[in-house]
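Student:
Protein chains: 2
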Amino acid sequence: MFDLAPVRAAVKPTTIICSRRLDEYLSAIGLAVPVVLASETFQETGSFKFRAAYAAAFHSPHRQLLTASSGNFGQALALAARLLGKDCTVVMPDNSARVKVEAVRGFGATVDLIDTGAISRKARVEALAAKLHDVDVLSAYDCARVIAGNSTLGEELAALIDRHKFDCVIAPMGGGGLTAGIIQGLRRMGSQIEVFAAEPLLANDGARSITAGTIIANSEEPATIADGARTLSLGKNNFAILKDGLAAVIEVDDAMIEEAVRLLYGLANLKAEPTGALALGALLVARERFHERRPLLVVSGGNVDSAVYARIINAN
Amino acid sequence: MFDLAPVRAAVKPTTIICSRRLDEYLSAIGLAVPVVLASETFQETGSFKFRAAYAAAFHSPHRQLLTASSGNFGQALALAARLLGKDCTVVMPDNSARVKVEAVRGFGATVDLIDTGAISRKARVEALAAKLHDVDVLSAYDCARVIAGNSTLGEELAALIDRHKFDCVIAPMGGGGLTAGIIQGLRRMGSQIEVFAAEPLLANDGARSITAGTIIANSEEPATIADGARTLSLGKNNFAILKDGLAAVIEVDDAMIEEAVRLLYGLANLKAEPTGALALGALLVARERFHERRPLLVVSGGNVDSAVYARIINAN
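First to last, the protein sequences are chains A and B. For the first sequence, the working numbering assigns the number 944 to the last residue and increments by one with no breaks. For the second sequence, the working numbering assigns the number 944 to the last residue and increments by one with no breaks.
What follows is the structure, given as structure tokens:
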């Protein structure tokens, strides 16, 4: 397996946040409290993706790194590449959040903007890979190194269970790299705690795949507000872990995702991106299932364009 | 002096946040990095005021607590009163941030809304005090118990200096309770580190008072966006500490306060209220003074109405 010591040393520990005001709100609607938040919004580059990116870059035998990413993985890989002295190119849709494009460039990577209506990311990556020398094409989620990197979060959560008394974990799911990594890390540390995936209803290929027992893909990129979960399907490496490892997948409609962003803003002073609020959204959607549970909610990231965020917090 | 052990046990430790993206920005304009943030936005009730309120309520011999507060102190006192089994009334201007009014009520306190054009807060507090039995009228800042409560933050910062290598502290100043408390706590722990106060230019009575060597009051409540610093003057208890204890006062115009809120949003994923962003604003305003220093910036709180916050982050 991969040596994770360099990854553990490079990442920041997740930030544990409890909010009495959020707990009062959740308690009033019948949920058990306290609810614990594990926030990756203060992680390097503002999301858990740095864990994955650093592991993938560190264990790459190649000098150039190439990926397609709508933002967080690209930004994380750009920083990892800089820290490890490698070159990095990130293919991004030309409608990506501006703040994410700028951040990738800020860490010294080359940004390759494409019109996804004209060329698929996959096709563009293949074209670039054919041109570049000594290049490693990295998936943001379907990769054993990515899962191993994310498993460092699972390790951290396992070490926190006794102190914070949570009895299940809810984490966002897009391609499945985060949930698979959390499960891998928890089990490595000997924890059998249940892990639930929170997936956008508009991008519920994961729920359908788990039910079917085989990977089912969306026919096109789902238009959910949770842009970190706009994946076509679960990764194969991830599905192998998730199909038996997940307790369940909870589907969250976009309105509830936005409500969760607002609650984190108003009651916990926590800036979360829509994808990052998925776990709280799942708790709200499935409150009957969780009404006697003590969940830990993984807030996967905080990078969200100000125009989108302003609209969400100002609604209602 | 006051027994602070109960206060230390009731408060949450401050949250230390370092942001590589913020450091890249600050470095590019000539400042030394890393810059360390000590964030009280995840403190009980979302601001440092809980430290003050819990100390004041714990050491009050009275069963009823009464205060005038535009929000954060009222909310903090309401929670402290609930935790200590006391009654609490908070006089608030009827144009206070809605989220703050609701939060005070949510913690079980009575909110007394007044039209500050028709009656001053002081007059209303005096009228209520005459009616209530066994009542303690509390100042949000000019009170030895308040300073002592805030000194717990100074103690925490002293303990962090070696690990985080900062060589000065910048903290917001309104009535002076926070800065006086930080100085008191630092000196108690044996630290002689310099402390700078960040004050809104529109409410610069503190800077004028320090220069004059005597307390100078604003003629009316200043209209700065930093609503936590809309005080008429420094408190007497605070001035006694601040007049020799502060290294300097840095005046920050409202435009720079808003820019600091945006930078914390965009580069550190940190939701700060305008008053909470004052220290970063001071660093930007006085960058020549600080260009070779390693400051710790105190982010005093995060409670800000969504309409105000949305406007600020969406400007530019």
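Glycine is no exception: its CB is placed at the ideal position from the N, C-alpha and C atoms.
Leaving out five residues on either side along the sequence, give the residues of the same chain with a beta carbon under 7 Å from the beta carbon of K640(A).
Tutor: If we look at K640(A) and ignore the five residues flanking it on each side, its Cβ neighbours are F670, Q671 and E672.
Student: Since A826(B) is in the beta strand (DSSP E), which residue starts that stretch and which ends it?
Tutor: E822 to P828 is the span of the beta strand (DSSP E), which, as asked, contains A826(B).
Student: Looking at the structure shown, is S647(B) part of a helix, part of a strand, or coil, going by DSSP?
Tutor: Correct three-state label for S647(B): coil.
Student: Helix, strand or coil for M720(A) per DSSP?
Tutor: Of the three classes helix, strand and coil, the one that applies to M720(A) here is strand, per DSSP.
Student: For M720(A), count neighbouring C-beta atoms within 10 Å of its own C-beta (all shown protein chains included) and say buried if the count is 16 or more, exposed if not.
Tutor: When all chains shown are included, M720(A) counts as buried.
Student: Please list, in chain order, the chain A residues whose beta carbon lies closer than 8 Å to that of K899(B).
Tutor: By Cβ distance, chain A contributes Y893, N897, L898 and K899.
Student: Starting from D740(B), trace the alpha helix (DSSP H) both ways and give me its first and last residue.
Tutor: From DSSP, D740(B) is part of no alpha helix (DSSP H) but of the beta strand (DSSP E) over T738 to I742.
Student: Figure out for me which residue from I810(B), A826(B), A825(B) and E827(B) has the closest Cα to the Cα of S819(B).
Tutor: The candidate whose alpha carbon is nearest that of S819(B) is I810(B).
Student: Is it a yes or a no for the segment 786–794 of chain A touching the segment 812–827 of chain A, going by three-plus beta-carbon pairs under 8 Å?
Tutor: Enough Cβ pairs lie closer than 8 Å, so yes.
Student: In angstroms, rounded to a whole number, what distance separates the CA positions of I869(A) and A808(A)?
Tutor: Taking the straight line joining both Cα atoms gives about 6 Å.
Student: Alpha carbon to alpha carbon, how far is A854(A) from G904(A)?
Tutor: Answer to the nearest angstrom: the Cα atoms are 8 Å apart.
Student: For P689(A), count neighbouring C-beta atoms within 10 Å of its own C-beta (all shown protein chains included) and say buried if the count is 16 or more, exposed if not.
Tutor: Label assigned to P689(A): exposed.
Student: Have a look at Q812(B), A851(B), A876(B) and K793(B) and flag the residue whose alpha-carbon is nearest the alpha-carbon of G834(B).
Tutor: Comparing Cα positions, the closest option is A876(B).
Student: Any contact of the segment 915–924 of chain B with the segment 706–713 of chain B, i.e. 3+ C-beta pairs under 8 Å?
Tutor: No, the segment 915–924 of chain B does not touch the segment 706–713 of chain B.
Student: Pick helix, strand or coil for S861(A), following the three-state DSSP scheme.
Tutor: Coil.
Student: By the 10 Å Cβ neighbour count, where 16 or more other Cβ atoms means buried, how is D770(A) classified, buried or exposed?
Tutor: Buried, because 16 or more other Cβ atoms sit within 10 Å of the Cβ of D770(A).
Student: Can A857(A) and G929(A) be called in contact, C-beta distance under 7 Å?
Tutor: No, the pair does not count as a contact, with Cβ atoms beyond the cut-off.
Student: Does DSSP put E730(B) in a helix, in a strand, or in coil?
Tutor: Reduced to three states, the DSSP call for E730(B) is helix.
Student: So, using beta-carbon positions, are D722(B) and L694(B) closer together than 7 Å?
Tutor: Not in contact: D722(B) and L694(B) (Cβ atoms no closer than 7 Å).
Student: Taking only three categories from DSSP, how would you classify P902(A)?
Tutor: P902(A) falls in the helix class under three-state DSSP.
Student: Kindly indicate which three-state DSSP category Q692(A) falls into: helix, strand or coil?
Tutor: It is a strand residue.
Student: Quick one: list the residues of chain A neighbouring R648(B), beta-carbon separation under 8 Å, in chain order.
Tutor: Under the 8 Å cutoff, chain A gives E672, T673 and L707.
Student: Would you check if the segment 675–685 of chain B and the segment 770–782 of chain B touch, i.e. whether three or more CB-CB distances between them fall below 8 Å?
Tutor: Contact holds: three or more Cβ-Cβ distances are below 8 Å.
Student: Rounding to the nearest angstrom, what Cα-Cα distance links R749(A) and S724(A) in this structure?
Tutor: Between R749(A) and S724(A), the C-alpha separation is close to 13 Å.
Student: Spatial neighbours of E886(A) within its chain, please: C-beta separation below 6 Å, excluding the five flanking residues on both sides.
Tutor: The answer, listed in chain order, is I940.
Student: Tell me the rounded alpha-carbon separation between V913(B) and P828(B).
Tutor: Approximately 11 Å, taken between the alpha carbons.
Student: Can you say whether T780(A) is buried or exposed, counting buried as having 16 or more other CB atoms within 10 angstroms of its CB?
Tutor: Under this definition T780(A) is a buried residue.
Student: Under the DSSP definition of a beta bridge, which residues are partnered with P634(B)?
Tutor: Partner(s): none; P634(B) has no beta bridge.
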